[in-house]
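Visitor: Before we start, here is the structure in question, set down as structure tokens.
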DNA sequence: GGTTTAACCGACCAATGGGTCTTATAGATA
DNA sequence: TATCTATAAGACCCATTGGTCGGTTAAACC
């Protein structure tokens with residue numbers, strides 16, 4: 069194994085385990101030693117690869133969190149079909165994953181936003197970047213839908229994006245404790261109602 | 069000042085400051101000393117009045133958090149007018165308060181739910197109780213609306229409740245960092261669209 | 001075969017955490 | 001005035017934290 073490969077493998081192991089524990093227990097409530105113990109690694113190894121706990125976490129955001137967000141919530145809505153269908157299916161899949169997750173602690177991104185808001189500006193900047201990318205992609209999906217005649221042209225694209233992000237973040241919080249499956253079902257049903265209200269208005273029913 | 073009154077006054081001071089700091093920095097990231105320092109009180113005083121940090125927090129939930137929730141999000145929708153109007157106005161007011169809050173760290177209840185989920189079952193129970201009360205009140209508001217002819221009778225009351233809670237929790241998270249006022253405006257506008265879709269369907273336009 | 005060095009070990013440190021315990025004080029009571 | 005008691009002070013305890021530092025090992029290179 070080449071040196072640089074071994075290095076990357078160890079860093080990757082640390083980051084994956086780090087995200088797992090940070091997600092589960094929160095950043096401030098997870099010690100570096102907690103992570104190292106589970107990996108049978110030492111302090112020396114950690115501080116050889118990372119400058120600090122904060123540096124470590126930022127690399128986790130860039131390497132794991134951002135990509136996960138992209139593959140789960142952004143890439144699936146990039147097609148040219150009806151965006152309302154794409155978003156519905158995307159949320160359906162993402163929530164289904166959450167339902168089947170044995171240990172669900174909510175929407176990773178929003179959990180961290182809650183934890184760091186007002187406490188660590190640096191980390192918040194990175195988290196907000198991801199949020200912004202999500203928002204931008206939702207907005208352009210809606211705009212595409214208007215252009216392609218799937219969505220009424222009077223619909224406010226940015227408003228829809230904010231509303232969708234809100235609803236998703238919120239339902240993920242609600243799903244963590246009480247009957248996630250039932251809540252998912254109700255949520256998706258209401259989402260479809262909401263989407264129906266923005267289908268193109270025909271001039272008159274023929 | 070009577071003894072029992074002095075006792076209650078001190079406890080109240082501690083709880084108010086405690087909620088303030090727990091909300092701002094999180095529970096695990098706020099030490100008992102942080103609270104006592106700001107009040108110029110000592111460890112002795114704290115543990116004279118409370119059994120533990122956890123006991124302290126639970127009393128905060130019961131005495132302050134539950135009441136705040138009630139006055140802001142539950143009581144305002146209890147009237148017999150059109151529930152869609154009541155809820156709209158209620159959210160409008162609650163979000164406006166958040167906008168004007170210099171230091172906004174999101175929706176108090178959902179922040180704590182995020183922090184304690186999977187970490188402290190006891191505290192989670194108390195937080196979920198509040199959530200449940202909110203949900204029940206939303207459901208019965210919608211049912212009242214159906215009964216009184218403000219809402220179409222095919223509407224799923226529980227679904228609407230889940231969707232509304234989700235949206236509110238989410239938008240409060242989104243408002244903490246980026247242009248809260250603009251996001252509030254867009255959110256409320258979409259909420260009204262959503263509500264429009266559940267007005268009673270007349271048999272036919274006359 | 002000897003030397004260098006990337007990768008890792010683990011003892012150690014100062015600060016901080018929740019919580020305990022003995023002691024002080026001030027106002028009520030007798 | 002003397003005593004009692006509710007309230008509070010703050011020194012102390014011990015576990016844990018992020019971080020440092022000198023040392024070890026094994027592979028790569030000359």
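Protein chains in written order, with my numbering: chain A, 69 to 274; chain B, 69 to 274. C-beta atoms are modelled at their ideal positions from N, C-alpha and C, and glycine is treated no differently.
(1) With three or more C-beta pairs closer than 8 Å as the rule, is the stretch 149-169 of chain A touching the stretch 256-271 of chain A?
(2) Go ahead and label residue 80 of chain A buried or exposed: buried means 16 or more other beta carbons lie within 10 angstroms of its beta carbon, across all protein chains shown.
(3) Rounded to whole angstroms, what's the CA-CA distance from residue 227 of chain B to residue 251 of chain A? Just pull it up for me.
(4) Between residue 87 of chain B and the rest of its own chain, which residues show a CB-CB distance below 6 Å, the 5 nearest in sequence each way excluded?
(5) Counting beta carbon pairs with one atom in the stretch 102-111 of chain A and one in the stretch 162-175 of chain A, are three or more of them shorter than 8 Å?
(6) Which term fits residue 183 of chain A, buried or exposed, when burial requires 16 or more other beta carbons within 10 angstroms of its beta carbon?
(7) I'd like to know whether the C-beta of residue 89 of chain B is nearer than 8 Å to at least one C-beta of chain A.
(8) Let's see if you can read the secondary structure: which residues bound the alpha helix (DSSP H) around residue 156 of chain A?
(9) Give the single residue among B:78, B:140 and B:137 whose Cα lies nearest to the Cα of residue 118 of chain B.
(10) Could you name the residues of chain A that residue 192 of chain B contacts, counting a contact when the two beta carbons are closer than 9 Å?
(11) What do you reckon, are the CB atoms on residue 96 of chain A and residue 179 of chain B nearer than 8 Å?
(12) Quick one: Cα of residue 40 of chain B to Cα of residue 202 of chain B, how far?
(13) Would a C-beta distance cut-off of 8 Å place residue 213 of chain A and residue 144 of chain A closer than the cut-off?
(14) According to the neighbour-count rule (16 or more other Cβ atoms, all chains shown, within 10 Å of its Cβ), is residue 240 of chain A buried or exposed?
(15) Determine the contact status of residue 206 of chain B and residue 229 of chain B, defining contact as a CB-CB distance below 8 Å.
(16) Which residue marks the beginning of the alpha helix (DSSP H) containing residue 116 of chain B, and which one marks its end?
(17) What number of angstroms, rounded off, separates the C-alpha of residue 246 of chain A from the C-alpha of residue 162 of chain A?
(18) Suppose you measure from the CA of residue 200 of chain B to the CA of residue 135 of chain B; what does that come to, to the nearest Å?
(19) Is any non-hydrogen atom of the ligand NAP found closer than 7 Å to the C-beta of residue 199 of chain A, if you look at the structure I gave you?
(20) Is the Cβ-Cβ distance between residue 275 of chain A and residue 198 of chain B less than 8 Å?
(21) Taking 7 Å as the limit between beta carbons, can you name the residues of its chain near residue 242 of chain A, skipping five residues before and five after?
(22) Taking Cβ-Cβ distances shorter than 7 Å, what residues in chain B pair up with residue 238 of chain A?
(23) Where do the ends of the alpha helix (DSSP H) carrying residue 98 of chain B lie?
(24) Going by alpha carbons, who is nearest to residue 262 of chain A out of B:232, B:249, B:244 and B:248?
(25) Whose C-alpha, out of B:141, B:215, B:93 and B:186, is nearest the C-alpha of residue 89 of chain A?
(26) Would you mind working out which of A:224, A:235, A:216 and A:105 sits nearest residue 266 of chain A, comparing C-alpha positions?
(27) Assuming residue 106 of chain B and residue 85 of chain B make a contact with CB atoms under 8 Å, what is their CB distance in whole Å?
(28) Using only the alpha-carbon positions, how far apart do residue 165 of chain B and residue 83 of chain B sit?
(29) Output yes or no for whether 8 Å exceeds the beta carbon distance between residue 191 of chain B and residue 125 of chain B.
(30) Exposed or buried, what is residue 234 of chain B when buried is set at 16 or more other beta-carbons lying within 10 Å of its beta-carbon?
Guide: Let's see:
(1) The stretch 256-271 of chain A vs the stretch 149-169 of chain A: in contact.
(2) That one is exposed.
(3) The straight-line gap from Cα to Cα measures roughly 8 Å.
(4) Here the set comprises 128 and 132.
(5) No, the stretch 162-175 of chain A does not touch the stretch 102-111 of chain A.
(6) The residue is buried, with at least 16 neighbouring Cβ atoms inside 10 Å.
(7) It does not; no Cβ of chain A falls within 8 Å.
(8) Its alpha helix (DSSP H) spans residues 151-168.
(9) Taking only the C-alpha atoms, the option nearest residue 118 of chain B is B:78.
(10) Within 9 Å Cβ-Cβ: 245.
(11) Contact annotation: residue 96 of chain A and residue 179 of chain B have beta-carbon atoms that are not nearer than 8 Å.
(12) Absent from the model: residue 40 of chain B. The displayed extent of chain B is 69 to 274, so no value can be given.
(13) The answer is no: Cβ separation not under 8 Å.
(14) Result: buried.
(15) The answer is yes: Cβ separation under 8 Å.
(16) Here the alpha helix (DSSP H) through residue 116 of chain B covers 111-117.
(17) The C-alpha of residue 162 of chain A is placed about 18 Å away from the C-alpha of residue 246 of chain A.
(18) Computed Cα separation, rounded: 14 Å.
(19) In the structure shown, the ligand NAP is absent, as is every other ligand, since no ligand is present at all.
(20) Chain A is shown from 69 up to 274; residue 275 of chain A falls before or after that span and cannot be answered.
(21) For residue 242 of chain A, where only same-chain residues beyond five positions count, the Cβ hits under 7 Å are 251.
(22) Residues of chain B whose Cβ lies closer than 7 Å to the Cβ of residue 238 of chain A are, in chain order, 233, 234, 235, 236, 237 and 238.
(23) Unbroken run through residue 98 of chain B: none, as it is neither H nor E.
(24) If we check each option's Cα against that of residue 262 of chain A, B:232 comes out closest.
(25) For residue 89 of chain A, the closest of B:141, B:215, B:93 and B:186 by C-alpha to C-alpha distance is B:186.
(26) Ranking A:224, A:235, A:216 and A:105 by Cα distance to residue 266 of chain A puts A:224 first.
(27) Correct: roughly 6 Å between the Cβ atoms.
(28) Note on geometry: alpha-carbon atoms of residue 165 of chain B and residue 83 of chain B lie some 22 Å from one another.
(29) Less than 8 Å separates the beta-carbon of residue 191 of chain B from that of residue 125 of chain B.
(30) Buried, by the Cβ-count rule.
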